[in-house]
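The structure appears below as structure tokens.
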Amino acid sequence: MGINTKNKVEESVKENKEKVKIDKDKDKSKRVNDRESKNDFKPKVKENYKEYNKEKRENKWDKINWKKDISEKKGSSKWNKIDWNKNISENVNEINKIKNPNDRVKVNKDYEYRNLSDSKVKDTLISYYNETGKYANYGMSLQKNFIDWIKKSGRNHDMISKISEIQKNKEIPNFIRDKIENSVLSQKSITNLLNKNGLSVSRKTVGNFSLKEVFNNNKEKHLQRFTHAINTETKKNIKKRLGEELAKYKKGDQHDSLYKISKEFPEISKISINKIAKKEISQQLYEKMWPSTSGVVTNGTRQAIKTRLKEEAVKENPDSLRSISKDFPKASNTTVMDLARELYPDKHKELWPAIKKIPDEIKNDILKTIKEETLKENPKSLRNIHKEFPQVGADTIKRLAKQCIPKALHDKLWPPLTPEIPKSLTRKIIQTIRDEIYKIEPRSLNKIGQQFNVSATYIWKLAKKEISKKDYDATWNISITNEKRLNVIKDIENSKLNISEIAQKNRISSPSVSIISQREVFQNNIEAHRERFPKDVNLDIGNYTHLNLNSLITKAFDNIPNQKYYAEPTIYSDKRRPDGLILEDNKFLSQRLNDHNVGKYLRNKIELDPLSLDHIKATQFDFTNDISNGNLINKIEKYQSKDSLLVIIGTKWHLYDEIKHLPIDNRIKYPQNVRVISNNLGTDLLGLEGKDKDLFERIIDLNLDRDLDSLKVLYNYDLSSLDIHTTEELKSDLIQKKLIKEDFSEYFNKGDSENRNKKQRELGYFLNL
1 MGINTKNKVE ESVKENKEKV KIDKDKDKSK RVNDRESKND FKPKVKENYK EYNKEKRENK
61 WDKINWKKDI SEKKGSSKWN KIDWNKNISE NVNEINKIKN PNDRVKVNKD YEYRNLSDSK
121 VKDTLISYYN ETGKYANYGM SLQKNFIDWI KKSGRNHDMI SKISEIQKNK EIPNFIRDKI
181 ENSVLSQKSI TNLLNKNGLS VSRKTVGNFS LKEVFNNNKE KHLQRFTHAI NTETKKNIKK
241 RLGEELAKYK KGDQHDSLYK ISKEFPEISK ISINKIAKKE ISQQLYEKMW PSTSGVVTNG
301 TRQAIKTRLK EEAVKENPDS LRSISKDFPK ASNTTVMDLA RELYPDKHKE LWPAIKKIPD
361 EIKNDILKTI KEETLKENPK SLRNIHKEFP QVGADTIKRL AKQCIPKALH DKLWPPLTPE
421 IPKSLTRKII QTIRDEIYKI EPRSLNKIGQ QFNVSATYIW KLAKKEISKK DYDATWNISI
481 TNEKRLNVIK DIENSKLNIS EIAQKNRISS PSVSIISQRE VFQNNIEAHR ERFPKDVNLD
541 IGNYTHLNLN SLITKAFDNI PNQKYYAEPT IYSDKRRPDG LILEDNKFLS QRLNDHNVGK
601 YLRNKIELDP LSLDHIKATQ FDFTNDISNG NLINKIEKYQ SKDSLLVIIG TKWHLYDEIK
661 HLPIDNRIKY PQNVRVISNN LGTDLLGLEG KDKDLFERII DLNLDRDLDS LKVLYNYDLS
721 SLDIHTTEEL KSDLIQKKLI KEDFSEYFNK GDSENRNKKQ RELGYFLNL
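Per UniProt numbering, residue 1 is the first one in the sequence shown, and the count goes up by one each step.
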């Protein structure tokens with residue numbers, strides 16, 4: 001090879017190397033520029049490598065542009081590995097791979113909930129619930145009672161500080177926001193998660209927060225987020241079940257209700273099942289298959305239910321109303337109950353008492369025992385017979401006793417609490433009701449009841465049964481103004497008040513609130529109405545316990561000359577009302593304390609001196625299951641007065657002593673006028689004896705056993721026909737006695753509750769730790 005050729009080759013190689021180098025530099029520069037244009041992530045690489053190398057040897061910290069966003073300085077952290085454009089469920093899987101729990105806690109103060117995640121805080125929330133039976137929060141905020149409990153329970157300063165920060169930093173809404181944005185949990189699952197941690201937030205609250213706060217009222221995005229909460233497989237199974245029921249319907253076979261289908265998918269709400277059904281099935285078919293969800297029951301279905309009820313009524317052991325309703329998926333259980341009342345107004349409770357079927361062997365033993373007792377000179381009470389058969393309800397014994405022996409003998413051995421209204425009198429009342437609707441100024445139902453010495457409730461039932469709805473509404477239904485109707489709608493949509501609270505606030509009846517809710521707010525969607533106003537069993541038990549106790553005490557006091565027990569009188573302008581009240585113008589309490597049988601015992605137990613009661617104008621009574629300090633202070637604040645005695649009777653007494661000493665608290669202004677006593681001591685103070693005392697104890701037992709059905713039967717069978725003494729009657733009696741001219745404030749001290757400073761209701765006051 002010649003020298004020239006060699007030089008040419010070398011030059012060629014050199015040129016190639018330079019070309020390759022230039023290409024590499026271009027490519028490198030291109031990549032850097034591309035990266036810059038996308039992320040602006042790194043500073044440019046110097047074109048002159050040596051110059052760059054020189055700078056590298058100098059203090060490189062001086063060369064960093066600190067004005068850039070700190071996020072640009074992040075390295076390849078675990079979070080960077082997550083592709084945020086992926087489906088949210090895939091992101092959750094990536095997040096779950098992060099082993100360090102601290103990596104999961106929100107750092108941004110706008111959305112943190114560190115304190116809410118603290119195990120000691122969770123234990124405190126759960127302890128409060130276990131001790132009081134109440135949740136620490138109401139919606140998104142902690143309650144005053146919980147804050148007070150924290151301060152009084154001797155918790156350390158660190159815990160008090162954490163609780164304060166939960167409220168200050170809005171950690172409950174932050175928690176909900178995080179679960180909406182960074183998980184695939186359904187609304188129901190989010191509420192369940194909060195519930196396990198000692199907090200109670202409704203599914204509707206989560207939904208409203210999602211729509212308004214997270215998605216800025218973008219309904220499409222909100223629905224898209226929670227559509228993912230039902231996975232594809234579950235949704236497929238739901239659609240399959242709906243298809244099966246549709247096939248049954250088309251064949252003419254009985255099909256399941258949406259409620260029954262929802263039971264097969266416990267993690268999915270009934271509303272979600274309804275929505276899927278509406279999408280998958282035409283509106284016409286949907287309304288025909290499940291009319292009860294829109295409040296529609298055809299005349300044909302009603303007639304079929306009536307036929308079935310008539311068939312069951314002649315049986316020795318008829319099927320329960322709930323069982324019958326299951327055979328008519330187009331109608332709700334309530335519809336069947338209403339039709340039973342319509343067909344058998346006088347004996348539907350006897351035909352279908354709220355009890356379970358009992359085996360024939362046990363039933364025969366009970367019948368045998370009852371018949372044997374009728375032959376004795378001193379037969380056992382039905383209550384004592386029940387003690388021999390604890391496996392059945394007390395009302396089963398009562399029902400069987402009525403069935404197996406003649407009525408005259410039954411009433412002689414075990415007389416009813418109230419006399420039966422003669423049919424001749426009932427006919428006169430019906431005629432009076434019919435005459436009343438044609439008068440220019442018809443009398444009230446209460447006035448008609450007073451004429452015949454029966455309760456207004458009994459008159460109301462007869463009026464509803466005997467005259468048309470149109471005539472009844474025109475005569476006795478108070479018209480609701482448009483302004484009042486709009487206020488009710490606003491309360492339904494924007495508050496947490498229950499039906500009775502809304503009714504009381506707007507001064508209309510509870511049924512009127514319910515009708516407005518169903519027809520106007522929820523457009524006849526019964527499921528949505530029930531979700532807004534869920535049936536609270538504890539509330540029902542409390543209501544029926546109070547109704548029974550008030551009726552019983554009214555009956556007992558009616559036998560005392562010149563003495564009345566007034567049930568739930570509204571004696572304060574802010575609508576507060578004790579469960580019961582006795583006027584002390586006849587010195588009833590002093591007479592009980594001086595009674596030769598129990599006076600000394602009561603004086604020692606209750607620590608009351610009759611000589612110190614001269615200034616007492618009335619005794620107020622309050623019945624409660626909850627005798628915790630927090631609840632007692634609330635009640636005392638509500639009803640305390642310098643010239644009234646407040647007696648709080650515990651209906652779930654768990655203390656060894658029969659009196660509970662008051663907590664030391666500056667909100668209790670008149671401790672000398674307040675007593676907290678057991679239900680047993682309460683019967684002695686009220687002077688209940690014999691059968692009245694037995695019945696009082698039975699009501700307490702039913703309350704303890706949470707036996708709602710028996711409480712209802714007791715009230716509806718025996719006590720609802722008693723005419724209680726109302727607020728109007730109390731005012732009339734005070735005017736007649738010349739104790740007032742026209743207003744309760746002339747006799748009853750307003751108390752401190754009406755004069756509370758609004759500052760007490762502000763959050764800052766509650767958290768003034």
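In this text, a Cβ means the ideal position worked out from N, Cα and C, and glycines have one as well.
query                                                                                                                                                                    : result
Please return the same chain residues whose Cβ sits closer than 8 Å to the Cβ of Asn634, not counting the five positions on each side in sequence.                       : Asn145
Is Asn299 buried or exposed, if buried means 16 or more other CB atoms sit within 10 Å of its CB?                                                                        : exposed
Any idea what DSSP makes of Asp622, helix, strand or coil?                                                                                                               : strand
Mind checking who residue 787 pairs with in its DSSP beta bridge?                                                                                                        : Any question about residue 787 goes unanswered here, given that the chain covers just 1 to 769.
So, is Leu223 buried or exposed, given that buried needs 16 or more other C-beta atoms within 10 angstroms?                                                              : exposed
When the Cβ atoms of the stretch 448-462 are set against those of the stretch 720-732, are three or more pairs found closer than 8 Å?                                    : yes
Enumerate in chain order the residues of its own chain whose CB-to-CB distance from Tyr715 is below 8 Å, with the five nearest sequence positions on each side excluded. : Tyr544, Leu547, Asn548 and Ser551
Please return the same chain residues whose Cβ sits closer than 6 Å to the Cβ of Thr624, not counting the five positions on each side in sequence.                       : none
Cutting at 6 Å between CB atoms, please list the residues of its own chain near Met289, excluding the five before and the five after it.                                 : Tyr249
Does the beta-carbon distance from Asn673 to Leu702 come in below 8 Å?                                                                                                   : no
Would you list the one or two residues that DSSP bridges to Ile163?                                                                                                      : Looking at the DSSP assignment, Ile163 forms no beta bridge with any residue, so it has no partner.
Go through the stretch 390-474 residue by residue and report every complete run of the alpha helix (DSSP H) that reaches 4 residues or more, in order.                   : 394-404, 407-413, 423-436, 445-452 and 456-466
Give the DSSP-derived three-state secondary structure of Ser141 in the structure shown.                                                                                  : strand
Express the C-alpha separation of Arg667 and Tyr639 in angstroms, rounding to a whole number.                                                                            : 12 Å
Mapping the DSSP letters down to three states, classify Ile489 as helix, strand or coil.                                                                                 : helix
So for Val713, helix, strand or coil by DSSP?                                                                                                                            : helix
Name, in chain order, the residues that DSSP records as bridge partners for Tyr566.                                                                                      : Leu581 and His725
Strictly by DSSP, which residues pair up with residue 770?                                                                                                               : The structure shown does not extend to residue 770, since the chain is modelled only from 1 through 769, so no value can be given for it.
Less than 8 Å between the C-beta atoms of Glu265 and Thr234, yes or no?                                                                                                  : As written in the sequence, residue 265 is Phe, which differs from the Glu given in the question. Yes. Within cutoff.
Going by DSSP, which residues form a beta bridge with Lys660?                                                                                                            : Val676
What residue range is occupied by the uninterrupted alpha helix (DSSP H) comprising Thr232?                                                                              : Thr232 to Lys251
Looking at the structure shown, is Ala136 part of a helix, part of a strand, or coil, going by DSSP?                                                                     : coil
Looking at C-beta atoms only, is the number of pairs between the stretch 609-617 and the stretch 575-588 that lie closer than 8 Å three or more?                         : yes
Rounded to a whole number of angstroms, what is the C-alpha to C-alpha distance between Arg507 and Ala313?                                                               : 40 Å
Is Thr369 near Phe328, with beta carbons less than 8 Å apart?                                                                                                            : no
What would DSSP say about His255, mapped onto helix, strand or coil?                                                                                                     : coil
Nearest to Thr205 by alpha carbon, out of Ser141, Leu382, Tyr286 and Leu339?                                                                                             : Ser141
Check whether the Cβ atoms of Glu171 and Leu116 lie closer than 8 Å to each other.                                                                                       : yes
Evaluate Asn559 with the Cβ neighbour count: other Cβ atoms within 10 Å of its Cβ, from every protein chain shown; 16 or more gives buried, anything less gives exposed. : exposed
Please state whether DSSP places Asp609 in a helix, a strand or coil.                                                                                                    : coil
Where does Ile433 land, buried or exposed, given buried means 16+ other C-beta within 10 angstroms?                                                                      : buried
Does the Cβ-Cβ distance between Arg383 and Arg698 come in under 8 Å?                                                                                                     : yes
Tell me the DSSP secondary structure of Phe522 in three-state form.                                                                                                      : coil
Short of 6 Å in beta carbon distance, which residues of its chain neighbour Leu194, apart from the five on each side in sequence? Order them along the chain.            : Val201
In the DSSP assignment, find the unbroken alpha helix (DSSP H) run with Arg177 in it and report its ends.                                                                : Glu171 to Asn182
Apply the 10 Å Cβ neighbour rule to Thr481 and answer buried if 16 or more other Cβ atoms are within range, or exposed otherwise.                                        : exposed
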